[in-house]
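Remarks on the structure that follows.
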Amino acid sequence: MAGFAMVAIGLLALVYGWIAGLEANRIYANLHLNSFYFVSLGLIGLFFVAVHAIAESGWQVSMQRVGEAMSMFIPVGGIIMLIVFLSGGMHHLFEWTHKDHLDHILIKKVPYLNQPFFYIRFFVFFAGWGLLAWLIRKTSRQLDMNGDIQYFHRLRKYSAFYVVFLAITSVVSSWDWLMSIDAHWFSTLYGWYVFSSMLVTGFSVIVIFVFVLQRMGYMKHVNEEHIHDMGKYMFGLSIFWAYLWFSQYLLIWYANIPEETIYFYERLNHFDTVFFFNLVVNFVIPFLLLMPRNAKRVYSVVIPVAVLIFIGHWVDLYQLIMPGAVGHEAAGIGFLEIGLTIGFLGLFMLVTFWGLSKAPLVPKNHPFYEESLHYHTNY
Amino acid sequence: MYVSPIREPLIRGEKNYSQVTKDILAPMAGKPSIYWYLGISLALIALVFGAWATYQTVYYGIGTWGLNKTVGWGWGITNFVWWVGIGHAGTFISAILLLFRQKWRTSINRSAEAMTLIAIACAGFFPLIHMGRLLLGFFIFPYPNTRALWVNFNSPLLWDVFAISTYFAVSLIFWYVGLIPDLGTVRDKAKTKIRKAIYGFLSFGWTGSAKHWSRHETVSLVLAGLAAPLVLSVHTIVSFDFATSVIPGWHTTIFPPYFVSGAVFSGFAMVLTLLIVARKALNLEEYITVNHIESMNKIIILTGSIVGIAYITEFFMAWYSGVEYEQFTFMNRAFGPYAWAYWIMMTCNVVTPQLFWFKKIRTSLTATFIISIFVNIGMWFERFVIVVTSLHRDFLPSSWSMYSPSLVEVGLYVGTIGLFFTLFLLFIRVFPVIAIAEVKSVLKSSGDHQKTAHHE
Chain D
1 MAGFAMVAIG
11 LLALVYGWIA
21 GLEANRIYAN
31 LHLNSFYFVS
41 LGLIGLFFVA
51 VHAIAESGWQ
61 VSMQRVGEAM
71 SMFIPVGGII
81 MLIVFLSGGM
91 HHLFEWTHKD
101 HLDHILIKKV
111 PYLNQPFFYI
121 RFFVFFAGWG
131 LLAWLIRKTS
141 RQLDMNGDIQ
151 YFHRLRKYSA
161 FYVVFLAITS
171 VVSSWDWLMS
181 IDAHWFSTLY
191 GWYVFSSMLV
201 TGFSVIVIFV
211 FVLQRMGYMK
221 HVNEEHIHDM
231 GKYMFGLSIF
241 WAYLWFSQYL
251 LIWYANIPEE
261 TIYFYERLNH
271 FDTVFFFNLV
281 VNFVIPFLLL
291 MPRNAKRVYS
301 VVIPVAVLIF
311 IGHWVDLYQL
321 IMPGAVGHEA
331 AGIGFLEIGL
341 TIGFLGLFML
351 VTFWGLSKAP
361 LVPKNHPFYE
371 ESLHYHTNY
Chain P
1001 MYVSPIREPL
1011 IRGEKNYSQV
1021 TKDILAPMAG
1031 KPSIYWYLGI
1041 SLALIALVFG
1051 AWATYQTVYY
1061 GIGTWGLNKT
1071 VGWGWGITNF
1081 VWWVGIGHAG
1091 TFISAILLLF
1101 RQKWRTSINR
1111 SAEAMTLIAI
1121 ACAGFFPLIH
1131 MGRLLLGFFI
1141 FPYPNTRALW
1151 VNFNSPLLWD
1161 VFAISTYFAV
1171 SLIFWYVGLI
1181 PDLGTVRDKA
1191 KTKIRKAIYG
1201 FLSFGWTGSA
1211 KHWSRHETVS
1221 LVLAGLAAPL
1231 VLSVHTIVSF
1241 DFATSVIPGW
1251 HTTIFPPYFV
1261 SGAVFSGFAM
1271 VLTLLIVARK
1281 ALNLEEYITV
1291 NHIESMNKII
1301 ILTGSIVGIA
1311 YITEFFMAWY
1321 SGVEYEQFTF
1331 MNRAFGPYAW
1341 AYWIMMTCNV
1351 VTPQLFWFKK
1361 IRTSLTATFI
1371 ISIFVNIGMW
1381 FERFVIVVTS
1391 LHRDFLPSSW
1401 SMYSPSLVEV
1411 GLYVGTIGLF
1421 FTLFLLFIRV
1431 FPVIAIAEVK
1441 SVLKSSGDHQ
1451 KTAHHE
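Going down the list, the protein sequences come from chains D and P.
Using the numbering used here, read the first sequence as starting at 1 and increasing by one per residue.
Using the numbering used here, read the second sequence as starting at 1001 and increasing by one per residue.
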């Protein structure tokens, strides 16, 4: 029910944005931001299952259903994204679609930045993600039904395909959907930076789902050892994200080439609150709060930090998209932004819970299920 | 701790605790084999070549090298980065894999970490010798002096001094702390009084009491936590040596993570090269099993693929950026006078490791050995390509030039290889090559014999 109410708030926010006469750029940019954000959560949910399958780890088996369910959102988000693009979003979001007004630099990029090729890539990404998500979910279900080891091997094979496919597509899609908003600017690290942001958020959202499910009386088999490991992921990946942020910033700052520094100039001068909020919430807070061992083992610390990471990386995405797509005069965070995000979150929850209801929460026949129940995180 | 029956055992054969000690200490006992003497003789010959080259460089100066005004960095920096990179596997295995609870690391961490220390020593030699005046090497340290002359804190080359010395210190402590219980074992098994005294001293009077173990494990964990970020920081700073500049081909933001990945990649290749030989020569095949080799090969695929994606990203971005200088540099790399080096790099680093996707290949010792050599070569060429091709054709065509190393430079490189093998061969004679205590800790859950007994 809550999910439907949230979706209603989202729709309300959209109507509000339209009636209040907010700039079309701003509305499209927010739709784009949220569809990317929640698709990336779905991708990371699946990545959680896949990467542990190929690493042959056992502890995470107890909560892998959450990741599988999150991946159900991939096609839903893809359809929304496509609607946003086709309904005129392309024109509002991407400067390079204004074919007749390209300067000499953007003209050089036309072989890559053109609409037909953009849509081809779009379909390749979603076809691959959707297909592999479906295959992984199906195989995981089959493994659960009869425990035949061949399904386990098949699961690992699909997982390897997915991890490789995602490694390439996450980078290219971030160029397409995010970096090309600032069409003149470029950075080789960009794709990995975006991926690290997706990764830490996705893992945090998995913890939040496990927490909610436990509160609802499910997943009693998940204990503080599992939460500890997830806490370590949140801690470590927050540091990793900050590392990539720093690498990109330092190198551009140090070399001081105007074509590159313009990107941070814009953010530091007109989006400074967002710029520093991003660093504090996504690095300083998780780093300090999750450092003690015991903090990673209790929900009372892990969940608030996970929520902060969820908000923080939304803001991270905001500062990636808005300066280029909307500009500092029209951008802002108001009812449109918050309402729309609540709406998307509601939809994401509906899809994920629907996904969770379709399979047993406990993958009993997984060969590593026993390991997942009996293990200790010593450190 | 429960271990799923479908997992492969980590220790083969019918082993009990005393057998583990015996097997691992065996290479240290008695006279070394003829192969050991052969190996160390070759290594010493290489070292002597290096000593000659060092003499030439110090006596006559850097003029004995093949460098010129355009290409001011050549083999020296290439070798430096190559060696630092090789050092990364040890820390990765002992710190990152420890935090990720990868039990298979227990059989390989000791030797990999020894390799790390030796590799950093080899690496550190190159910046020192590159200064030309070895005696002034202490100038790199910031200290108050009468000339009020300070180091340049803005320079990534100085950051390197801190990064690498920290790395060496932490690695050394980590390695030594891990050695302490094993040195106690060596002392207890020692036949002669002198041996007992030396190892007794080195083991800091280890008794194996619960308190000692508790402290030992706490220290190991803290050190692992400290060493984990060092795995990333060291090669990040090394990459800054290049990436903070405005040289096309050097200035690119992907460098830090891509260098780190490349470092782990080359480090694992070197570990494989050494251990495939060592496990055979030292009769440790039941401890360093095909399973271990396969796990390492998986890390090779992972890091090699990351490096591959980085190469392609760089190439694509050079085009996408629209910056003609970047575009020229990359076209020059792939099709210019050093294209051969570029294609060696691409083949060895991007193509050959992908063969490990086939289980047959990654579980074959011969194939693994050959591919590991390929990766060692490829990663050396990666640094050569980055250093030389970015420099030799700069912004001003009138100053374009070519570079090839002189015999002295070759001698320095061969000398460090000699140093590496000399020290490694000495290491296997004086210290246990496998962490005895750590292997014992996984014997119960992952020993072949124990596993089958448990399920019968």
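Even for Gly, the Cβ is constructed at its ideal location relative to N, Cα and C.
Remember, it's a predicted structure, so these values are computed and weren't measured experimentally.
Taking 8 Å as the threshold, find out whether the segment 311–328 of chain D comes into contact with the segment 352–361 of chain D through three or more Cβ pairs. no
May I ask you to report which of helix, strand or coil DSSP gives ILE1011 (chain P)? As a position in the second sequence, residue 1011 (chain P) is number 11, starting the count at 1. Strand.
Is the segment 145–164 of chain D close to the segment 64–83 of chain D, with three or more CB pairs under 8 Å? no
TRP1206 (chain P): first and last residue of the uninterrupted alpha helix (DSSP H) it sits in: As a first step, residue 1206 (chain P) must be located in the second sequence, where it is residue number 206. Note, TRP1206 (chain P): premise wrong, no alpha helix (DSSP H); not H, not E.
Smallest Cα separation from ASN146 (chain D): which of D:PRO367, D:TYR375 and D:GLU371? Here residue 146 (chain D) corresponds to residue number 146 of the first sequence, with the count starting at 1. Checked all of D:PRO367, D:TYR375 and D:GLU371; the closest Cα to ASN146 (chain D) is D:PRO367.
Using the beta-carbon count (16 or more within 10 Å), is LEU1135 (chain P) buried or exposed? Along the second sequence, one-based indexing puts residue 1135 (chain P) at 135. Exposed, because fewer than 16 other Cβ atoms sit within 10 Å of the Cβ of LEU1135 (chain P).
Closest to ALA1043 (chain P) by CA distance: which of P:TYR1055, P:TYR1258 and P:LEU1419 is it? The residue labelled residue 1043 (chain P) in the question sits at position 43 within the second sequence. Considering only alpha carbons, the answer is P:LEU1419.
Which residues does DSSP list as the beta-bridge partners of GLY963 (chain P)? Only positions 1001 to 1456 of chain P appear in this structure, which leaves residue 963 (chain P) out of reach.
Secondary structure at ARG1187 (chain P), three-state DSSP: helix, strand or coil? As a first step, residue 1187 (chain P) must be located in the second sequence, where it is residue number 187. DSSP places ARG1187 (chain P) in helix when its eight states are reduced to three.
Could you give the distance in angstroms between the alpha-carbon of LEU340 (chain D) and the alpha-carbon of ALA8 (chain D)? By 1-based counting over the first sequence, the position of residue 340 (chain D) is 340. By 1-based counting over the first sequence, the position of residue 8 (chain D) is 8. So the two alpha carbons sit approximately 9 Å from each other.
Where do the N-terminal and C-terminal ends of the alpha helix (DSSP H) with VAL1350 (chain P) fall, by residue? For the purposes of this step, residue 1350 (chain P) is identified with residue 350 of the second sequence, where counting begins at 1. Neither: VAL1350 (chain P) is in no alpha helix (DSSP H) and is coded neither H nor E.
Cut-off 8 Å between Cβ atoms - residues of its own chain near GLY130 (chain D), not counting five sequence neighbours on either side: In the first sequence, counting from the first residue as 1, residue 130 (chain D) sits at position 130. Only ILE74, PRO75 and GLY78 meet the Cβ criterion.
Taking CB distances under 8 Å as the criterion, tell me whether ILE19 (chain D) reaches chain P. For the purposes of this step, residue 19 (chain D) is taken as residue 19 along the first sequence, with counting starting at 1. No, ILE19 (chain D) does not count as interfacial toward chain P.
Determine the chain D residues that contact SER1321 (chain P) at a beta-carbon separation under 7 Å, and present them in chain order. On the second sequence, residue 1321 (chain P) is found 321 positions in, with the first residue counted as 1. Result: PHE186.
Chain P beta carbons: is any one of them nearer than 8 Å to that of SER247 (chain D)? Counting from one through the first sequence, the residue named residue 247 (chain D) turns up at place 247. With 8 Å as the cut-off, SER247 (chain D) counts as an interface residue toward chain P.
Taking a contact to mean a Cβ-Cβ separation below 8 Å, would you say ASN282 (chain D) touches GLY236 (chain D) in this structure? Counting from one through the first sequence, the residue named residue 282 (chain D) turns up at place 282. Counting from one through the first sequence, the residue named residue 236 (chain D) turns up at place 236. Not closer than 8 Å, so no.
Check whether the Cβ atoms of SER1441 (chain P) and THR1070 (chain P) lie closer than 8 Å to each other. Translated into positions along the second sequence, residue 1441 (chain P) becomes position 441. Translated into positions along the second sequence, residue 1070 (chain P) becomes position 70. No, they are not a contact pair.
In chain P, which residues lie with their C-beta within 8 Å of the C-beta of GLY191 (chain D)? Position 191 of the first sequence, counted from the start, is the residue given in the question as residue 191 (chain D). Those within 8 Å of GLY191 (chain D) in chain P are THR1313.
Comparing the C-beta of ALA167 (chain D) with each C-beta of chain P, is any distance below 8 Å? Within the first sequence, numbered from 1, the residue matching residue 167 (chain D) stands at position 167. By this cut-off, ALA167 (chain D) is an interface position.
For the candidate residues P:ARG1187, P:ILE1434, P:THR1452 and P:LEU1443, whose alpha-carbon lies nearest to that of ASN1109 (chain P)? Residue 1109 (chain P) sits at position 109 when you count from the first residue of the second sequence. Comparing Cα positions, the closest option is P:ILE1434.
Would TYR1002 (chain P) pass as an interface residue toward chain D - the criterion being a Cβ-Cβ separation below 8 Å? As a position in the second sequence, residue 1002 (chain P) is number 2, starting the count at 1. So, interface residue.
Tell me which residue opens and which closes the alpha helix (DSSP H) that VAL222 (chain D) is part of. Looking up residue 222 (chain D) in the first sequence gives position 222. No alpha helix (DSSP H) contains VAL222 (chain D), which DSSP labels as neither H nor E.
Residues near THR1064 (chain P) by beta carbon distance below 7 Å, same chain, minus five either side: Indexing the second sequence from 1 puts residue 1064 (chain P) at position 64. The answer, listed in chain order, is GLN1056, THR1057, SER1406 and VAL1408.
Just tell me which of P:LYS1191, P:SER1033, P:ILE1198 and P:VAL1186 has its CA closest to the CA of GLY1208 (chain P). Position 208 of the second sequence, counted from the start, is the residue given in the question as residue 1208 (chain P). For GLY1208 (chain P), the nearest C-alpha among the options comes from P:VAL1186.
By the DSSP assignment, the alpha helix (DSSP H) with ARG65 (chain D) in it spans what residues? Translated into the one-based positions of the first sequence, residue 65 (chain D) becomes position 65. That run of the alpha helix (DSSP H) goes 64–70.
For the ligand ADP, any of its heavy atoms closer than 7 Å to the Cβ of GLY67 (chain D)? Although the ligand ADP was asked about, the structure shown includes no ligands whatsoever.
Identify the contact partners of TYR158 (chain D) in chain P, using a Cβ-Cβ distance below 9 Å as the criterion. Here residue 158 (chain D) refers to the residue found at position 158 of the first sequence. Within 9 Å Cβ-Cβ: nothing; TYR158 (chain D) doesn't reach chain P, min ~14 Å.
Below 7 Å between beta carbons is the criterion; list the residues of the segment 305–318 of chain D that meet it against any residue of chain P, in chain order. none
Just how far apart, CA to CA, sit PRO1257 (chain P) and ILE1309 (chain P)? Counting from 1 along the second sequence, the entry for residue 1257 (chain P) is found at position 257. Counting from 1 along the second sequence, the entry for residue 1309 (chain P) is found at position 309. Whole-angstrom Cα-Cα distance: 12 Å.
Alpha carbon to alpha carbon, how far is ARG1429 (chain P) from ALA1278 (chain P)? Taking the second sequence and counting its residues from 1, the one referred to as residue 1429 (chain P) is at position 429. Taking the second sequence and counting its residues from 1, the one referred to as residue 1278 (chain P) is at position 278. So the alpha carbons of these two residues sit roughly 12 Å apart.
Taking only the alpha-carbon atoms, compute the straight-line gap between TYR1367 (chain P) and THR1352 (chain P) and give it to the nearest angstrom. As a position in the second sequence, residue 1367 (chain P) is number 367, starting the count at 1. As a position in the second sequence, residue 1352 (chain P) is number 352, starting the count at 1. Looking at the sequence provided, one finds Ala at residue 1367 (chain P) rather than Tyr. Looking at the two C-alpha atoms, the distance is approximately 10 Å.
Where SER1171 (chain P) and ILE1300 (chain P) are concerned, what is the direct C-alpha to C-alpha distance, given to the nearest angstrom? For the purposes of this step, residue 1171 (chain P) is taken as the residue at position 171 of the second sequence. For the purposes of this step, residue 1300 (chain P) is taken as the residue at position 300 of the second sequence. The alpha-carbon atoms of SER1171 (chain P) and ILE1300 (chain P) are separated by roughly 22 Å.
In the DSSP assignment, the alpha helix (DSSP H) including GLN1019 (chain P) goes from what residue to what residue? Taking the first residue of the second sequence as 1, we reach residue 1019 (chain P) at position 19. Looking at the DSSP string, the run of the alpha helix (DSSP H) that includes GLN1019 (chain P) is 1017–1025.
DSSP three-state assignment for PHE271 (chain D), whether helix, strand or coil: Counting from one through the first sequence, the residue named residue 271 (chain D) turns up at place 271. The answer is coil: DSSP assigns PHE271 (chain D) none of H, G, I, E or B.
If we define contact as Cβ-Cβ less than 8 Å, is ALA1257 (chain P) a contact residue for chain D? As a working mapping, residue 1257 (chain P) is identified with position 257 in the second sequence. Sequence inspection shows Pro at residue 1257 (chain P); the Ala mentioned does not correspond to that position. Yes, its Cβ sits closer than 8 Å to a Cβ of chain D.
Should VAL281 (chain D) be flagged as near chain P, meaning a C-beta pair shorter than 8 Å? Translated into the one-based positions of the first sequence, residue 281 (chain D) becomes position 281. Not closer than 8 Å to any Cβ of chain P, the Cβ of VAL281 (chain D) fails to qualify, so no.
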